[in-house]
Every structure is written in C-alpha cells, then in structure tokens.
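Notes follow the structure.
2 protein chains.
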Amino acid sequence: MKQFTITVYPEKKKVAASEGDVLLHALKEAGIRLPSPCGGQGTCGKCRVIVKGGRCHASASSHLRKEEIAQGYCLACLTLVEGDMEIEIPPESRAAAGAKILLEEKSVVQDKLVLGKWEIETRTHRVHVQLHPPRLDDPRSDIERLRADLLTKGFSGDRLHCSLSVLRKLSKVLRDGDWQLTVTLMDLMDGVEILDVQPGDQTQYHLGLAIDVGTTSVVIYLIDLLTGLVIESAADYNAQIECGEDVITRIIYARTSTGLKKLQQLVIGTINKLIKGILHRAGMSAEHIDCAVAAGNTTMIHLLLGIDPRYIRQEPYIPTISSVPPVKVAELGFEVNNHAYLYCLPAVASYVGGDITAGILTTGMHKENFLTLFIDIGTNGEIVLGNSDWLVSASCSAGPAFEGAGVLHGMRAAPGAIESVVIDQNTLEPHFSVICNLPPVGICGSGIIDAMAEMFLTGLLDRKGKIRGDIKIPRIRESEFGREYILAWAKDTDTKKDIVITEIDINNILRAKGAVYAGCSTLLKEMGLSIKDIEKFLIAGGFGHYLNIRNAVVIGLLPDIPYDRFRYLGNSSITGGHLALLSQKLWREAEHIARSTTYFELSTSTAFMNEYVAALFLPHTNTSLFPNVEATLRETMVTD
Amino acid sequence: MKQFTITVYPEKKKVAASEGDVLLHALKEAGIRLPSPCGGQGTCGKCRVIVKGGRCHASASSHLRKEEIAQGYCLACLTLVEGDMEIEIPPESRAAAGAKILLEEKSVVQDKLVLGKWEIETRTHRVHVQLHPPRLDDPRSDIERLRADLLTKGFSGDRLHCSLSVLRKLSKVLRDGDWQLTVTLMDLMDGVEILDVQPGDQTQYHLGLAIDVGTTSVVIYLIDLLTGLVIESAADYNAQIECGEDVITRIIYARTSTGLKKLQQLVIGTINKLIKGILHRAGMSAEHIDCAVAAGNTTMIHLLLGIDPRYIRQEPYIPTISSVPPVKVAELGFEVNNHAYLYCLPAVASYVGGDITAGILTTGMHKENFLTLFIDIGTNGEIVLGNSDWLVSASCSAGPAFEGAGVLHGMRAAPGAIESVVIDQNTLEPHFSVICNLPPVGICGSGIIDAMAEMFLTGLLDRKGKIRGDIKIPRIRESEFGREYILAWAKDTDTKKDIVITEIDINNILRAKGAVYAGCSTLLKEMGLSIKDIEKFLIAGGFGHYLNIRNAVVIGLLPDIPYDRFRYLGNSSITGGHLALLSQKLWREAEHIARSTTYFELSTSTAFMNEYVAALFLPHTNTSLFPNVEATLRETMVTD
C-alpha cells in the first residue's frame, strides 16, 4: 500500500498515512485528536479540517457552508487520503478537542449539602497492630494471631476474608516488622477482609478516589479518608468520545468485535491518566489509595466493567446489572493498589444511572418532607421527583445540545466558549463573556440558553423559534442553513469566522428543552401534581460554572416558579461519589434510593409525546404556565 | 560446554547431557525419574544406577555395598557426567519410581463410616431456571430478574455475589437460551454466589473433586454431587518428591529463590494429570466440575497455595494459616472450571493438618462417648485422642520408614513390594506375598512390620533389635551394613540381588515405631489416662491394603489391647475430603474439630523423650505393657 505524508499546519507536523486511510484516523494515530461527537460517522460535522493541498477524496457534508467548501473545509471522518497532503486544523476543532474540563471548587461536600448529620465512616481502615510473638505454648497461626488482635479492636466478626496474595506475604511482613504491622481492612457484610499487610506503621496515608464516569467527561477527586477532604481533583474528556459522543453511539460501537474491549480500555486509560496526574500533584503514591467509588450512567458503568450494554438500547431497555458488587480494581487495570475495591453507585434503571443516585444522595431530597424536583442535564436529561416518602424518575433524550452538539458553533464549557450573552434591547447588539476571557471559539450550553432567551426577549425570535425576518440589521442574515444571528464577527473571533446562532441550532435547543420540560411535567402529572407544587427545584449538569436560571425559565427549559426555589448544584454525581466513599451510612442510603425509586419509561409514553409537542414553543404553547415570562414579554416587547 | 550422550539400558534410550551435569537431573530432564526421597542430597541411597561404561565422577555413598560399587552401582544424585556414558537403571530404582499408588475401593464413604445421620448437602448447586422475559412494565436488570427467581427457589438471601465474568456473559446467555438457563450457585455465609450461567438445562452433571494432597502421594476422587458416589479415582506420587521426600526437606527446598513456585507447580501438575486421566476415563468434561475439597498436612496446603512454609519448621512452629478461606481454582491453575472454588480442610496445627481433621471427621470420634485413639502413619505420624467432649493431638516424627525410606530394600506399597511375611518357626525360612504376585523388588511398610515381628517371634531378633549371631543359617550373614537376614534370594527377585533386612533397617523401624508408641502414651499420660482406657483404636495410613495388627502389636508399634478394638481405616484423609465435599454439615463439623482440638508439642517434651527411649525395644522396655505379646513369646521361644 502506498505511504504518504500529511503535513499539518500551523505546526508543520508530519503525519504518516497509507492510501485510502480515513484522515480522522490517521491524525488520531499521530496524536492529533479532533472532536468527533458522532464517532466518525459523518453526522456531527465537528471534525473540521482545511485541506490546503495534496490529494484526497472528501465526501460532501451538509454541515459545511458553500464558502467553507470553497476554502477547502472538509470533515476529516469523510476524507480519504490519496496522496501527500497539506492540511490545517482550524481553531474551532483545535479548541474543542484540546481544552480542559472546568472543575468546580473542591469543597463541594462541605458547601452544598442538605444531608443532615453524618460522620466519616469509611469501609476501609488502616490499623496499626502490635502483636505478641508466638511461643510454644501459644502456637496460633499468623493469621489467627492477627485476627484475635483485630477482634479486640472491634474489627473482624464472624468471618475473616483474606486473599492469597496477603497470605503469601503475611509471615514475612510479621517478622520483618518485628510483629508490628499495618493492616488495611475492608468492612464486609459478614466480617472483614484483610486487603493488605505492611510492616511497621503505615497509617498516616489512607486515601480514596471518587470518580464521576460521565459520557463526556471523567472527574476524579483524591480524598483523604481520615479528614474527608479533597486533596486534589482532575477532569478530562472521556477518551471514549472518539467512538461517539452519546451513549447510544457507544452502545452501537461496543457491538463490533473489539469495540467493547476498546471502550473499556479508553475510559480506564482516561482514569489512569487522571490518577497519575493527581498523585503527582499531591505528592502521594498509588499505594496510599485503598478504595474507589464510581458514579456513572448505566451504560458508562457497563463499559467500565466490560459488560456488553447492547440491551440497554433495545426495548424494553434492560441492563445486565444495576447494583454492581464491589470489583477489585486489579481486574480492571486501575493503577492504584491491586487490593483496592471499586464500588459503583447503584442505578435505578437503564437510563437513570448511578450518577443520578449520587445526585439524589447529594440533594438529600430522599430525607425531606417537601416536594423536590431534581434534574441532571448532561449528555442526557434525567429527572427525579419526590420526597422522603416516594421518589419517581425518568429520562428524556434531550441529547447533548446543551453540551454544544447539534449547534453549529456549539462547544463544551471550555476555554474560548461564550458562556453568557446579553443582547441590547435597543441596538440588538450582543455582549458576551468568554471562559478564560479569550477570543471566542464557539458557544457552550449556558451561552446558548442566554442567547436564545435574549433573542426571544428582544424580539429577534418568535415563539416558534424562528428569527424574525422583518428586523433588518447586519447581524441577521440568510444562509444555506436558514436565517442566522451573528453573535461575533469574524474579526473578533479566534476562528476568524463569524460565530452565529442559526435557526437549526435554535430548533435543536427547542427540542432539547422541550424534552426536559415535558419530562418534568409528565412525571408531575403521573403523580397527580403540577408545576406549582414544586417546593424545591435542583439542577445539576455540565453547564460549567454558570447557569442563568432566569434565561432557562424564559426559554421554557425550567418552569416559571419563584427563583428562590431553584438551586444549581453543578456536578452532583461526583459529590455523591465523594459522600458514598466517606460514609457507609450514606452508601446504604444510596442503595435504598436506587431500590426504591420508581422509573417511568417516557420514550413509549403518549402523555410525554403530547407534553413534548406542547413544549416546542417559547416558552411554551400554554402561556399560562409561564406567567412571569409573559409579564416580562409584555414589558419589553410587543408579543406576536 | 561440552555435550555428551548417555545411553540408558535396557531401552537404549539416548539422553543428552552437558559436562558436569548431575546424572539424576539429566535423566529427569529426559523424563526418566528415579526415586529420590532425600531430594537428591545423597542421603537416602535410592537413586541407584549401574554405570556400564563411559566417563563420570561418582562420589562415595555408604548406601552401596562394596560388591555393588564393584559392579558399577552409583547414586545418580552423586554422579557428575564427564563424557558419553552407558548406564542401566536397576529394577529396584525402576519399580519404586514408576509404580502406581494402590487405590482403595471406591465405596469408602458408604462402607466404613460411623458418622451418624447426614444427608448430601453440597455447597454448590446447579439450578435450572425459566425466567419471564422483561417487558416495559417489568424492566428489572438481568441479574435482578434472575435473583428474584432464585429467591423463590430458596437460594440467594441477603447478598448475591457475582463475578465480572458471569456478568459479562449473562445478557447473552439469557437471550441465547430464550430466558431458560442453568445457574451454578455456591452457598456463602451471607447469601449465594453465582459461579456460572449457561443457556438451557445443564443440570445433569454436577461434579466435585476430593483431593488428598499427601507428602508422598496425591489421591483424587471424582464425585457425583447428586448421588454422592465416587465416579472415578486416581492416585500418583506427589511430583514434589523429586525435591525431597519429607515435609522438612520440602520446606528447606522452598527457601531457594524459585523453590516455592516450583513445589507449587509440581503438585498442581500432579493434580492436573490426575484430573485429566479421571475425566478421560469417566467420559466427563472439566466443565462439569464445580467444587473441590483438599485435605493435606499444613505444609502441603501451604505449598499448594504458594504460601511460604518456612516458619512451620522453626520453633515455635507457626504456620501462616490453618483455616484457609476458599480459593478460586483459577488462581492456582487447576484445569477445571475457572469458577470452581477449592476448600482446604482446616488444620489443627503446623504438624496436625487438614488430613488429620479429615481423619477425625471420618472416624466420627468427635461425636462418640467412648475414648478413641486415632493414628495416621504416613510420612509422619499423627495421633489424636478423645471423644465427644474433648480432643487432643500430637505429631511424632516417625519419618517415612513405614513407607520404605531408611530401609535398604524398602519401597512404597506398589507392585513388586513384599507386603506380608511369615517365617517358619522351625526352618526359619520366610514365606511372603508380593503385591500383584510379581517377583519381588523390595519390601513395603506392612511387609517390614511382618518381617520384624516374625523375626522377633522366631527368635531371630533379640529385644534390642539385634539379629542373633548364634543362629547359624544361610539366611543370616554379616555384611558391611552389619548383620542381615535374607528374605529373598537373588535368583527369585526381579533385581537379581538378594532382598535383605539389615540391623540398620531394624534400628530405623525401631525408632519409628518407638516414636509412634511414645506419642500415644505421652498423650494418654497428659490426659491422666493409660493404654487400657482406649476403647477404640483406629489406624489410618499408607500401609496399602494390608496391615497385620497382631504383628504391629508384637513389634510394639501398636499397644497390646484386645484386637477387636483396632480398626484399619486406610486413607482417612481422602474419605474426610469426600465427606466434607458432600455435606456442609460435616464441613462445619470439620471446622469445629480443627478449632477445638488441642495440640501438644512433643518435640520439646521431656516426657515424650523418656517414653521414646523406653519404646526402643521389642516390644517395649516395660514388658508388663505387652502381656499378650509376652505370653506368645513364652509359648513360642525361650525369652532372653
């Protein structure tokens, strides 16, 4: 097969490729990763490159404008190498792929909880033990001697479990340490397991990991199990993204012969990379980590464990397992102590996963008398309603629109993303802020919500989400994608191209917000309740630091209830993992939440479909549901 | 290094060797295994070869007669290759090494037990399950659906354990079998573990293994867990023998850098070879085996599990573990289902192992009111005394004399071994029977006991074990090993050499029997009891089919009590393993036995030393302890 060289600008990096190679893959092999939410299937339009010269065959894509095609823009996943090439990676591809996930502050657990009283009660312990040496008249076996001492300290109980690897080192450890040793223990239902033995006193470090295994990103906290505090944290994109952005694409990918194994290796690779970085920054060693808790949606947990998720996608949507027993990390290849166990927070159902159980645990709603509605908007949208007496849940396929997918210049909440927008009522000129104050590259979820709300309030948008054609300003123009509003001029952007909001973008957001709102109202109706009964409305999700509640209400994503009932929790999945790692009581609460939360399947519900269609307007077909928005509209503009 | 060829007669097999190679090792490499009880240290004198020609350097050995040395006899472990060689393996080396272990009849459990009522109650189960397929209104996870069904069948309980490998196949198995499957379960303290799932009905086979891991030999029963019957059985020498015959030699060998690993691999190799043969003969597959129970002395179990046994040998003689938790066979490399667990019967102490616990279980003495003394004479001698109220135990280093070691023509109970001897009172001519009616090769434990008793009763031996010099018959002669009695003339033997009993042999047996007797009497005295209090005397051990109780009493190995109190149990270790495999109730009894049996350390006991010295006579220094033997002596000969 013929070998070619691709020169990648602006770095002039040389990349080897064979004839017929898909450009996306050739670049990936060379370590150049482009965003590919659809997994390289040509449907998301994100892996944009500019072909400057050379030979290739690029299939047509509706995601590219005519003038872009004229400039040499191609989708790397639809481009086959046919000779030496010269290409350029445009900033929008570069920024979206290379940017770091934004982390919240570390003190989440201390800050945001409404959890009532709980104490640190970890399931692993490091115990310093001084044994009496054996004698002829006290010839107990090494393990029996140790067990007896642990019993006096309140550990052990009916059964002492112990792996062969511990037994194989025990006699030496006892004698090397002159009968003084550190025992790492784990509480089990019927006793304890000795995870490890080391000579001398090694109790000063006792660490755990909380891991949020998101479809888009993986977040890890390194936690001091003695104080409960976060020592270090880190986040990165889930490397599985190269196989598709949403869970459905990943499930399909897992069906290929090596797909499941690859997806598992990718996410474990991401986790190991994060662990390595965290430990390095904290100056700690992998040997100090004795336990890990993971929270993730049901598909992510299946993939992490190497369990085929295919039936999650097929009606009636059945996972292999919701409540996973603890797994030795060595079985997965986590680069921490081989003896450590991973606990996965239990799921409610195929589409309400352990990340939502973690979220409920974080909210404390399962212990409160007043009615709480909790939504987690990430790559998917999950909804939980209830109080201490009952909990119901549902999932609506909002899609990753709020994470930037399906939006022409959409991107994740990363440096260069427009994260908030205000439009001047008089001039219709936008003002925006960009994460890290950079020239803008694209727009993230909170920015899109703002832009849409502002366009609606200023009359740029009608109730159907159409850009009004009767307003003649330079920022509104017709294009092959329909009408669009120019948020930033090319001269002010990093991409040197206009950043716009198109009618197609707005339509996609409309459908996403409609699904979330319809999910909430369907669930309320199922319980014989209505929007006004909600006493507390908690929002979690990947919006980044920021979510403008008012604007989310204006577009009808959130219901029109008093603002003081809303609270934005950020990433409640990692917080729940942190809690479940620290407290066996809270872990049991999480198990109880997963068992007792009822799941409603919306995808086959006629009621949901009706609610959904009704919500595909700004803010909603039934304007009486949004009295405050309507009042604002009356103040600011002439309603149509 | 120079390469040479060794031609091995009579087969003329060619064996490659390098200059300086130890002949024993070169032969072993080529698959020619010689007996080497001492592990190739030059002390046992068993790895005899005849050098017919060529160059070598053979160190002197006191185990060879002058005329043998003249004939070219060498010990292979003391012979270094220095050129091409021609050697012959004499029959005594060949028979002892190649012979098969004799197996008892299969129906041991049914035959010989005094165990009271018990029912088959295995810890693994194969359950055929027909599930209702999931529906939208019944979206439980696969595992939850299965668990609910198992609960209705009385399985499961608080916790359902499940390995990742089962989870990884579950969804496919359920759907491949159209929601009909076979579940292999194991009872745990706090619930059950799903060991395996298979589509359809696979309940017709449910097999287990009982394994006796002896220092000398390994015995395996393949057991139908549905009926409790032995389907097939097999035995072979423990391949560790090449590293030394007794536990102490093995413990020393395990201290070398690769010794422990090698010993583990050797015994697992033996086990796998036996399993393969058994399955082949039974027409069964390894996939039908769901559970295994092993009984062995504490050192053998440590080596099987790869746990360093070194402190078993050093005062105060401490094992790493006595009561081993179940181990997945996959961790050890047993060639059966990876999901199967191995249960090792718990030990009482370093020198009273799980084989003895199995023996006690087999005797049922722990549930009876009358006083039982149980001895197991194998490579070592273990003694247990007690009843349903209390049990005490001890171990005496009898050494493997009764298995043929330390006896010039001694060998194990294998084809060609003289197994019983009668000496004519008048002619002093011996009559003997040989296992498998072959020309004799050597003499095994029961034959040695017979020969010694008969020599004593006919006046050939005095009370000190000396062959009387005043009897002038051709069968008594002086040799470089002292005086000896010729049991078989060269012309009648397979080895074409006289088979003799030497005074050194007798002295070794005297020390072995003295140790056993002294162990029994010391233990009785510790409990304030005497020989005559023994109501039942049970003997287990490697004597083969046959043990002449009367002769064992005559030489003072067994006490002089009414013969009807004795019973020979054969291999009680494998029988106990069989029982513990079949019944969880009996397993718990075994655990109770191990916990509640008191161990006396004899090796440091002055009382034992006194008893031992007193027992180094025929039948004993204190003749009043052996009134019946004395009466017989008075009838048959003039006592000296």
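Residue numbers (the numbering used here), protein chains in the order written: chain G, 2 to 641; chain X, 2 to 641.
We put the CB at the ideal spot given by N, CA and C, even for glycine.
Note that the structure is predicted; figures quoted are calculated from it, not measured.
Item: To the nearest whole angstrom, what separates the beta carbons of residue 535(G) and residue 562(G), a pair I think is in contact under 8 angstroms?; Value: 6 angstroms
Item: Across the segment 343–363 of chain X and the segment 288–302 of chain X, are there enough close Cβ pairs to call them in contact, namely three or more that are closer than 8 angstroms?; Value: yes
Item: Taking beta-carbon pairs under 7 angstroms, can you tell me which members of the segment 567–596 of chain X lie near chain G?; Value: none
Item: By the DSSP assignment, the alpha helix (DSSP H) with residue 497(X) in it spans what residues?; Value: Element bounds for residue 497(X): n/a, residue is neither H nor E.
Item: Taking 8 angstroms as the CB-CB cut-off, is residue 105(X) touching chain G?; Value: Bear in mind that the predicted position of residue 105(X) carries a pLDDT of just 49, short of 50, making it unreliable; the figure below should be weighed with that in mind. Residue 105(X) does not count as touching chain G.
Item: Closer than 8 angstroms by C-beta to residue 398(G): which residues in its own chain qualify, once you throw out the five before and the five after it? Chain order, please.; Value: 381, 382, 516, 604
Item: At the 8 angstroms Cβ level, is residue 149(X) part of the contact set with chain G, yes or no?; Value: no
Item: Name the two residues that bound the continuous alpha helix (DSSP H) containing residue 518(X).; Value: 504–527
Item: Taking the beta carbon of residue 225(G) as the centre, do at least 16 other beta carbons fall within 10 Å, making it buried, or is it exposed?; Value: buried
Item: To the nearest angstrom, how far is the alpha carbon of residue 317(G) from that of residue 247(G)?; Value: 19 angstroms
Item: Ends of the beta strand (DSSP E) at residue 233(G)?; Value: 231–238
Item: I'd like to know whether the C-beta of residue 330(G) is nearer than 8 angstroms to at least one C-beta of chain X.; Value: no
Item: Can you pull out the residues from the segment 139–170 of chain G whose beta carbon lies closer than 7 angstroms to at least one beta carbon of chain X?; Value: 140, 142, 143, 144, 145, 159, 160, 162, 163, 165, 168, 169
Item: Can you name the start and end residues of the beta strand (DSSP E) that residue 431(X) belongs to?; Value: 431–435
Item: Residue 136(X) touches chain G at which residues, Cβ-Cβ below 8 angstroms?; Value: 317
Item: Using a Cβ cut-off of 9 angstroms, pull out every chain X residue sitting near residue 306(G), in sequence order please.; Value: 165, 168, 169
Item: DSSP three-state call for residue 106(X): helix, strand or coil?; Value: Note that residue 106(X) scores 43 on pLDDT, short of 50, meaning its location in the model is unreliable; the coordinates nonetheless yield the value given after this. Residue 106(X) falls in the coil class under three-state DSSP.
Item: Do residue 648(G) and residue 405(G) have their C-beta atoms closer together than 8 angstroms?; Value: Only positions 2 to 641 of chain G appear in this structure, which leaves residue 648(G) out of reach.
Item: Any idea what DSSP makes of residue 45(X), helix, strand or coil?; Value: coil
Item: When the Cα atoms are used, what is the spatial distance from residue 335(G) to residue 264(G)?; Value: 15 angstroms
Item: For a contact meaning CB atoms closer than 8 angstroms, what does residue 598(X) contact in chain G?; Value: The contacting residues do not exist; residue 598(X) stays about 13 angstroms from chain G at best.
Item: Any idea what DSSP makes of residue 111(X), helix, strand or coil?; Value: Its pLDDT being 47, under 50, residue 111(X) is placed unreliably by the model, and the measurement read from it follows with that caveat. In this structure, residue 111(X) counts as helix in the three-state DSSP scheme.
Item: Which residues in the same chain have their Cβ closer than 8 angstroms to the Cβ of residue 393(X), if we skip the five residues on either side of it in sequence?; Value: 385, 386, 387, 524, 527, 528, 598, 599, 600, 601
Item: Could you name the residues of the same chain whose beta carbon sits closer than 8 angstroms to that of residue 489(G), not counting the 5 residues immediately before and after it, in chain order?; Value: 419, 431, 433, 441, 499, 500
Item: Give me the residue from 521(G), 595(G), 580(G) with the minimum Cα distance to residue 612(G).; Value: 521(G)
Item: Taking 7 angstroms as the cut-off, is the C-beta of residue 365(G) nearer than that to any heavy atom in the ligand SAM?; Value: The model on display carries no ligand, and the ligand SAM is accordingly not part of it.
Item: Run through chain G and tell me which residues come within less than 7 angstroms of residue 321(X), C-beta to C-beta.; Value: 142, 143, 144, 168, 171, 172
Item: Shortest alpha-carbon distance to residue 630(G) belongs to which of 457(G), 461(G), 12(G), 469(G)?; Value: 457(G)
Item: Below 8 angstroms between beta carbons: does that hold for residue 283(X) and residue 243(X)?; Value: no
Item: First and last residue of the alpha helix (DSSP H) that includes residue 295(X)?; Value: No alpha helix (DSSP H) holds residue 295(X); the beta strand (DSSP E) holding it covers 290–297.
Item: Taking Cβ-Cβ distances shorter than 9 angstroms, what residues in chain X pair up with residue 183(G)?; Value: Those within 9 angstroms of residue 183(G) in chain X number zero; the least Cβ separation is about 18 angstroms.
Item: How about residue 48(X) and residue 81(X): do their beta carbons lie closer than 8 angstroms?; Value: no
Item: Which one of 509(G), 580(G), 594(G) has the shortest CA to CA distance from residue 400(G)?; Value: 509(G)
Item: How about residue 214(G) and residue 237(G): do their beta carbons lie closer than 8 angstroms?; Value: no
Item: Identify the contact partners of residue 312(X) in chain G, using a Cβ-Cβ distance below 8 angstroms as the criterion.; Value: 143, 172, 176
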